[in-house]
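Chemist: Residue numbers (the working numbering): 149 to 292. Each residue gets a CB set at the ideal place from its N, CA and C atoms; glycine is no exception. What follows is a single structure, and I will ask about it in a moment.
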């Protein structure tokens, strides 16, 4: 009868070492990525939830970027419209002053008309040149 000699203690130690190595590799992977779930084997349901949240987060980050761009577009248009409003108020003042034709000479009326014409040209220039990222904002090309 033959006897097979085995070192049971060495086999147990080898098994423990292999388990420790797997746990160490998993811990290092989690530390290096900063994620608790790195593969489907870690937590299948958690991985699905994590990927869903990551895609939602990417969408929200893009929405924040779009919102920032929209704010800049609105600020650009608002500044141009404020200048147009100022010019229109000036024109209104000139028209009201010119309506009192008895107190103004023909030369003053003509000067007022020149100012009104200049204001209208400025408004037209502002409307045609106000743009953001190559899009004209006030020239009517973005109408619905």
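Are the region 285-292 and the region 246-265 touching by the rule of at least three beta carbon pairs closer than 8 Å?
Modeler: Short answer: they don't touch.
Chemist: Tell me the rounded alpha-carbon separation between residue 253 and residue 268.
Modeler: Working through the chain shown from its first residue, we reach residue 253 at position 105. Working through the chain shown from its first residue, we reach residue 268 at position 120. The alpha-carbon atoms of residue 253 and residue 268 are separated by roughly 23 Å.
Chemist: Which residue or residues does DSSP assign as beta-bridge partners of residue 284?
Modeler: Here residue 284 refers to the residue found at position 136 of the chain shown. For residue 284, which the question treats as bridged, DSSP gives the partners 279.
Chemist: Just reading off the alpha helix (DSSP H) that residue 241 is part of, what are its end residues?
Modeler: Locating residue 241 in the chain shown gives position 93, counting from the first residue. Its alpha helix (DSSP H) spans residues 192-247.
Chemist: With H, G and I counted as helix, E and B as strand and the rest as coil, what does DSSP make of residue 168?
Modeler: By one-based count along the chain shown, residue 168 stands at place 20. DSSP places residue 168 in helix when its eight states are reduced to three.
Chemist: What did DSSP end up calling residue 251 once you bin it into helix, strand or coil?
Modeler: Locating residue 251 in the chain shown gives position 103, counting from the first residue. DSSP places residue 251 in coil when its eight states are reduced to three.
Chemist: Thinking just about the alpha-carbon of each residue, which of 191, 180, 285 and 159 is nearest to the one in residue 226?
Modeler: If you number the chain shown from 1, residue 226 lands on position 78. Here the closest residue by C-alpha is 285.
Chemist: Look at the alpha carbon of residue 170 and the alpha carbon of residue 203, and state the distance between them as a whole number of angstroms.
Modeler: Numbered from 1 along the chain shown, position 22 holds the residue referred to as residue 170. Numbered from 1 along the chain shown, position 55 holds the residue referred to as residue 203. When rounded, the distance between both Cα atoms is 30 Å.
Chemist: By how many angstroms is the C-alpha of residue 257 removed from the C-alpha of residue 216?
Modeler: Taking the chain shown and counting its residues from 1, the one referred to as residue 216 is at position 68. Taking the chain shown and counting its residues from 1, the one referred to as residue 257 is at position 109. When rounded, the distance between both Cα atoms is 47 Å.
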